[in-house]
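First up is the structure itself, then whatever we jot down about it.
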Amino acid sequence: MSVPKPGPINSLGGEATSVSVESDALLIKERASKEEESFPPTVQGTLTSSLSARVRRFRAEAAWMLQPLLRLAETYYAQATSYRAMLDQGYNMIYGPSVDVASGSKEKREQSTLWKQNRIHTWRPDIATLFGSLTVASTQNTKNPGFFILKHAPGYGTLTGSLESCMNFAVDARSSDEILRDVTPFREMVERFGPRHVGVMVSGVVVPELHLEESSGGPTPFALSSRGIAWLRKELGAYGKEVVVITDDMGAPVFFPYYKKMLGKKSNEFVFQQERWRYLLKQLTNADVDMMVYFDAPPTQRLQTYLDIGRELLASGEITREQLEKSVFRILAVKRRMYPSHSRLQDLHQTVKAMRVEELLAQKLVLAGAWEGSSTPERLREIKEATVMGLGGLSFEGTQALIHLVQPMILKMSEEGVIPPFLANNASRELEDHLHGDEPGYVSESVVIREFTAIMDRYFPNASPSSLLHEIFLDIASSPPK
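Counting in the numbering used here, the sequence shown runs from 3 upward without gaps.
As structure tokens, then:
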């Protein structure tokens with residue numbers, strides 16, 4: 003979907019003004035401060051009439067807020083560091099948007115690492131859903147229909163400490179009610195866009211309230227928990243059994259103490275790495291996780307090791323072909339939407355049944371990191387070899403130029419029957435040099451969403467009317483790009 007240019011605001015009333023993106027924060031704060039005394043609106047009568055009065059007042063008094071939102075949508079659509087720019091560069095899988103929700107408690111919120119680093123923008127699930135939906139809708143590209151990975155279920159909003167420890171294997175102390183609240187954006191966005199357009203990234207946090215399995219290494223990280231993934235698929239609603247579930251990077255060093263507890267002391271790093279992969283492949287397959295992201299190098303050597311281990315696990319009965327086929331069917335259903343004329347994606351049931359074990363295993367892996375910043379003949383040869391082996395995806399963290407060489411090669415190979423891999427990345431605004439608020443579009447996004455959340459809190463302290471949010475969504479993102 004494209005984004006309308008600034009102009010008259012459609013259904014909410016009010017007129018557009020030519021205010022720059024940089025001035026949005028000042029505009030919002032100034033207007034909010036002037037209207038502070040009138041919040042919340044005082045209305046009489048039944049709950050229904052009270053809600054209607056609040057909606058009418060919001061439309062009359064807060065329509066000015068739509069203009070910063072329109073410019074924010076254009077940022078999503080056009081800015082060089084946006085998700086849309088990634089699709090234009092040739093990526094077809096985007097690690098985002100983040101729909102994590104911060105704590106409703108201001109004190110807890112201000113202690114959250116991801117909140118302080120502008121990676122979480124709101125404390126309301128309904129607003130996270132609205133802006134997550136806006137990001138996907140305004141990023142759509144008919145020439146390259148991307149696959150968006152909503153992150154990071156079941157949420158990171160309350161974690162403190164270093165960024166890496168927050169992202170992996172931290173203890174999440176939220177109550178079960180808070181967790182259910184924070185999963186709402188994932189469910190609503192999967193229902194809105196469908197499981198062929200959005201998948202879900204699961205975190206490596208430990209969530210005591212969900213009573214995940216215990217092991218010799220201690221509490222099980224959410225991504226490796228059969229109970230946790232079953233719970234998540236149920237909470238995702240009607241599409242829960244169809245949605246692609248993908249891990250965050252399971253090769254992160256923060257996991258290594260856990261692996262060492264689970265696997266014991268090994269004679270050398272190579273043996274430890276093999277056992278690590280064996281443990282991960284077994285756990286993730288049995289937990290019904292579809293794809294594993296793993297940062298490692300050199301890629302083709304690691305891929306071959308992974309395939310060898312997968313064959314051994316199948317032979318021993320520790321995983322089954324049926325489990326692999328179920329996951330690969332979900333993955334290929336997404337790829338069929340991206341490549342509708344590909345010969346091997348016409349009859350997915352037949353394709354999956356006919357695939358060799360190695361192909362099934364390879365489709366479940368996203369290799370990350372080894373391709374960074376390099377377009378040498380050697381790297382391109384490794385990418386080609388991995389693609390021919392049926393690799394599910396490649397992550398190019400921080401790489402832009404390489405994709406122009408990789409994408410044509412992969413499309414040419416697809417004409418010969420090779421199933422194209424996902425080509426994945428984070429938006430460049432989310433990389434290390436932008437995490438502390440120095441990227442203008444990122445700052446603008448954070449300020450606009452947080453102030454909008456505060457305004458909605460004053461008008462609708464419990465939850466925003468879904469019809470109103472849908473109306474706002476349609477105003478901002480309305481028609482497919484040409």
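The C-beta atom is built at its ideal place from N, Cα and C for all residues, glycine as well. A quick note: this is a predicted structure, and the numbers were derived from the prediction, not measured.
So who's on the other strand from residue i, going by DSSP bridges?
i	result
L396	L369, L425
G220	S217
K262	In the DSSP output, where bridge partners are listed per residue, K262 has none listed.
L152	V202
D248	One detail in the question is off: residue 248 reads as Ile in this sequence, not Asp. I248 pairs with M203, M293.
By a C-beta neighbour count over all protein chains shown, 10 Å radius and 16 as the cutoff for buried, is residue i buried or exposed?
i	result
S466	buried
P259	exposed
E39	Note that E39 scores 41 on pLDDT, short of 50, meaning its location in the model is unreliable; the coordinates nonetheless yield the value given after this. E39 comes out exposed.
Q46	Note that Q46 scores 33 on pLDDT, short of 50, meaning its location in the model is unreliable; the coordinates nonetheless yield the value given after this. Flag for Q46 reads exposed.
E216	exposed
D179	exposed
S105	buried
P42	Residue confidence is low: P42 scores 36 on pLDDT, short of 50, so the model does not pin down where it sits. Its coordinate-derived value is still stated next. It counts as exposed.
T378	exposed
P223	buried
T144	exposed
M411	exposed
T322	exposed
K236	exposed
K497	There is simply no residue 497 to check, as the chain begins at 3 and stops at 484 in what is shown.
E271	exposed
R278	buried
M3	For M3, the predicted model reports a pLDDT of 43, less than 50, meaning its position is unreliable and no value from the coordinates is stated.
I30	Residue placement at I30 is poorly supported in this model, since its pLDDT is 49, which falls under 50; the coordinates still yield a value, given next. Buried is the call here.
Q142	buried
D440	Its pLDDT being 46, under 50, D440 is placed unreliably in this model, and the coordinates cannot settle the point.
R58	exposed
N343	The sequence as given places Ser at residue 343; Asn does not occur at that position. It counts as exposed.
A240	exposed
G319	exposed
A172	buried
P482	In this prediction, P482 has a pLDDT of 39, which is less than 50 and means its spatial position is unreliable; nothing more can be read from the coordinates.
L49	In this prediction, L49 has a pLDDT of 37, which is less than 50 and means its spatial position is unreliable; what the coordinates show is noted afterwards. Exposed.
G101	The sequence given here places Val at residue 101; Gly does not occur at that position. With 16 or more other Cβ atoms within 10 Å, it is buried.
P463	exposed
E418	exposed
A388	buried
P2	There is no way to answer for residue 2, as the model of the chain reaches only from 3 to 484.
A232	exposed
S114	buried
P255	exposed
V450	buried
V273	exposed
L476	exposed
G253	buried
Write down the C-beta distance between residue i and residue j rounded to the nearest angstrom, noting that I regard them as a contact closer than 8 Å.
i	j	result
L486	E447	Since the displayed the chain opens at 3 and closes at 484, residue 486 lies outside it and no answer follows.
D128	G157	So it is not a contact: roughly 15 Å between Cβ atoms.
L214	I181	With a Cβ gap of about 12 Å, L214 and I181 do not count as contacting.
N421	R304	Reading the sequence as shown, one finds Ile at residue 421 and not Asn. Not really, about 20 Å apart at Cβ, beyond 8 Å.
L496	I385	Not covered by the structure: residue 496. The range shown for the chain is 3 to 484.
A175	T160	7 Å
V330	Q365	5 Å
A370	D251	6 Å
Can we say the segment 201 to 209 touches the segment 142 to 162, given the rule of at least three CB pairs closer than 8 Å?
-> yes
Tell me the start and end of each unbroken alpha helix (DSSP H) in the segment 77 to 143 that is at least 4 residues and wholly inside, in chain order.
-> 85 to 91, 108 to 111, 115 to 118, 127 to 141
Okay, do the segment 285 to 296 and the segment 241 to 248 touch, 3+ Cβ pairs below 8 Å being the bar?
-> yes
Is the segment 350 to 358 touching the segment 327 to 337, taking contact as three or more C-beta pairs under 8 Å?
-> yes
Three-pair Cβ contact test at 8 Å for the segment 87 to 101 versus the segment 414 to 430 | yes
Three or more C-beta pairs below 8 Å linking the segment 359 to 368 and the segment 310 to 320 | yes
Is the segment 177 to 191 touching the segment 126 to 142 in the sense that three or more CB pairs, one from each, lie closer than 8 Å?
-> yes
Taking only runs of the alpha helix (DSSP H) that begin and end inside the segment 335 to 366, which ones reach a length of at least 4 residues, in chain order?
-> 350 to 356, 359 to 365
Given 8 Å, three or more beta-carbon pairs between the segment 65 to 74 and the segment 119 to 130 = no
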